[in-house]
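The block underneath contains the structure these notes are about, expressed in structure tokens.
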Amino acid sequence: MRNVYTVSQVNQYVKSLFTRDFMLNRIYVKGEVSNCKYHTSGHIYFSLKDESGTIACVMFAGSRSGLSFRMRDGQTVIALGSISIYERDGKYQLYAKEIILDGAGLLYERYEELKRELEEMGMFAPEYKKPIPAFVKQIGIVTAPTGAAVRDIINISHRRNPYVQLILYPALVQGDGAAQSIVRGIRLMQEQDVDVIIVGRGGGSIEDLWAFNEEIVARAIFDSRVPVISAVGHETDTMISDYVADLRAPTPSAAAELAVYEYAVCDAMLREYKARLIRQMMQRLKEARATLEQLSLRLKYSHPRQKLLEERQFTDELETRLRRGMERKMEESRHRLAIYIERMKGLSPLAKLNQGYAYVEDSEGKTLRFVSQAEPGDRIRIYVRDGRILAEVREVCREEYDGSCSENGT
15 MRNVYTVSQV
25 NQYVKSLFTR
35 DFMLNRIYVK
45 GEVSNCKYHT
55 SGHIYFSLKD
65 ESGTIACVMF
75 AGSRSGLSFR
85 MRDGQTVIAL
95 GSISIYERDG
105 KYQLYAKEII
115 LDGAGLLYER
125 YEELKRELEE
135 MGMFAPEYKK
145 PIPAFVKQIG
155 IVTAPTGAAV
165 RDIINISHRR
175 NPYVQLILYP
185 ALVQGDGAAQ
195 SIVRGIRLMQ
205 EQDVDVIIVG
215 RGGGSIEDLW
225 AFNEEIVARA
235 IFDSRVPVIS
245 AVGHETDTMI
255 SDYVADLRAP
265 TPSAAAELAV
275 YEYAVCDAML
285 REYKARLIRQ
295 MMQRLKEARA
305 TLEQLSLRLK
315 YSHPRQKLLE
325 ERQFTDELET
335 RLRRGMERKM
345 EESRHRLAIY
355 IERMKGLSPL
365 AKLNQGYAYV
375 EDSEGKTLRF
385 VSQAEPGDRI
395 RIYVRDGRIL
405 AEVREVCREE
415 YDGSCSENGT
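For the sequence shown, the working numbering gives the first residue as 15, with consecutive numbering after it.
Listed below in structure tokens is the structure:
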């Protein structure tokens, strides 16, 4: 019976043939990238094709250092690696170690060398980055006068703020003299005293974008006294100008959005600030009026006229109290006087006279109280109720307690 081999044995044998072939262990393959997929594990799976064939390729995560750009379908690349068979599927594929864009190997070497040199000089340092003004009035644009980049910048700028003035310098952005043209545009925009400069262009190959990797462009951006926004190619493209610029925009459209403040938002914000300011001012005025009223009231109470009025009122109160006190005292005095009068009435000689008694005085006006004070022949005055009587003493008789009378006279 003939020899029969398993599938695994056949795949292993074919793999050994690939392994023993020196050329297949280190081979450069050129082709167009298709079906490119970045796996979550870090591996990159893609195919290389030309007009008549396709080869499956893989770059493991450990070999990603040999890739200096992000692969995408349609790129023409040169992949360095080895060709072997994947035993499970029985298909051969290229295991890539390095991948460069076709025709761009030397350019990438120049790019990396210039990047390292400028970085060592400190031109990428964040402390040299100038802030982008929040509210710009004039924007200088250094780019090609035709193309999607300038149209996107103009459309977005006018949509966000139609009052911002755009000044375009029609620069060459690729080919011979492009770097010098970009430098002239940057310097001219500084003379125009614009607030910010946008330097950029739309996407393209590395050769098309190379002007923005030139050292003279990098130095012109770094030396610019006006803030510069670099907006070159697509989001995945990173130029030397992006590292040197004060701000990198992934696309020209994004540069316009970063440079131009949105007028409607700003206007709404200003209206809100105005309303808030008016509310605060009204509140302050209300508080100030209340304070003024309190101070006015305190001033009114502290005014000399008020003091005089208060003192006058106090004087009136004292006068009223004094008058009442005097009236009370007078009333008390009248009451006591009435009592004294009543008492005196009982002691009054006139009252006694009214009762039939008489009052006797000698010729000298002395009251005769005792018979011993009178002698026969003395003239006396006798006061009765309705007058007085002049009389002469005829005799004096002392009255005894037993009712007898002893004469004493001549």
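Backbone N, C-alpha and C fix where the C-beta goes; we use that ideal spot for every residue, glycine too.
Can you grab the Cα-Cα spacing for the pair residue 270 / residue 95, in whole Å?
-> If you draw a straight line from the Cα of residue 270 to the Cα of residue 95, it is about 43 angstroms long.
Three-state class that DSSP yields for residue 339 in the structure shown | Residue state for residue 339 is assigned as helix, using DSSP reduced to three classes.
Could you check if residue 253 is buried or exposed, using at least 16 other CB atoms within 10 Å of its CB as the buried criterion?
-> The residue in question, residue 253, is buried, as its Cβ has 16 or more Cβ neighbours within 10 Å.
Would you decide whether residue 403 is buried or exposed? Buried here means 16 or more other CB atoms lie within 10 Å of its CB.
-> Counting the other Cβ atoms within 10 Å of the Cβ of residue 403 gives fewer than 16, which makes it exposed.
Under 8 angstroms by Cβ, that's how I've got residue 210 and residue 153 pegged, so tell me the actual separation to the nearest angstrom.
-> About 6 angstroms separates the Cβ atoms of residue 210 and residue 153, confirming a contact at the 8 angstroms cut-off.
Straight-line Cα distance separating residue 320 from residue 352 | Computed Cα separation, rounded: 47 angstroms.
Looking at residue 187 and residue 151, is the spacing between their C-beta atoms short of 8 angstroms?
-> In this structure, residue 151 sits away from residue 187, with a CB-CB distance that is not shorter than 8 angstroms.
Which residues mark the beginning and the end of the beta strand (DSSP E) in which residue 46 is found?
-> Per DSSP, residue 46 is one residue of the beta strand (DSSP E) stretching across 41-52.
Kindly identify the DSSP beta-bridge partner or partners of residue 110.
-> Beta bridge pairing from DSSP links residue 110 with 95.
Span separating the alpha-carbon of residue 288 from that of residue 295 = When the Cα atoms are used, residue 288 and residue 295 turn out to be separated by approximately 10 angstroms.
Sort out for me which residues DSSP pairs residue 243 with in a bridge.
-> Note: residue 243 sits in a beta bridge opposite 212 and 261.
Report back the beta-carbon spacing between residue 97 and residue 106 to the nearest angstrom; my notes put them in contact at under 8 angstroms.
-> That pair is a contact at about 6 angstroms.
For residue 184, three-class secondary structure by DSSP | Of the three classes helix, strand and coil, the one that applies to residue 184 here is strand, per DSSP.
For residue 272, the first and last residue of its enclosing alpha helix (DSSP H) = Note, residue 272: alpha helix (DSSP H), 266-273.
Taking the C-alpha atoms as reference points, what is the distance between residue 297 and residue 312?
-> Taking the straight line from one Cα to the other gives about 22 angstroms.
Which term fits residue 266, buried or exposed, when burial requires 16 or more other beta carbons within 10 angstroms of its beta carbon?
-> So residue 266 counts as buried.
Would the beta-carbon of residue 214 fall within 8 angstroms of that of residue 244?
-> Result yes, Cβ atoms of residue 214 and residue 244 sit closer than 8 angstroms.
For my contact list, residue 146 and residue 197 are in at a C-beta cut-off of 8 angstroms; report their separation, rounded to the angstrom.
-> Wrong, their Cβ atoms sit about 21 angstroms apart, outside the cutoff.
Helix, strand or coil at residue 387 [DSSP, three-state] = In this structure, residue 387 counts as helix in the three-state DSSP scheme.
Kindly indicate the opening and closing residues of the beta strand (DSSP E) around residue 61.
-> 58-63 is the extent of the beta strand (DSSP E) around residue 61.
Residue 373: which of 394, 354, 28 and 356 sits nearest, CA to CA?
-> Per the Cα distances, 394.
If residue 242 sits next to residue 137, beta carbons under 8 angstroms apart, how far is it from one beta carbon to the other, in whole angstroms?
-> Not confirmed; about 12 angstroms, so no contact.
Taking buried to mean at least 16 other C-beta atoms within 10 Å of its own C-beta, is residue 60 buried or exposed?
-> It is buried - the Cβ of residue 60 has at least 16 other Cβ atoms within 10 Å.
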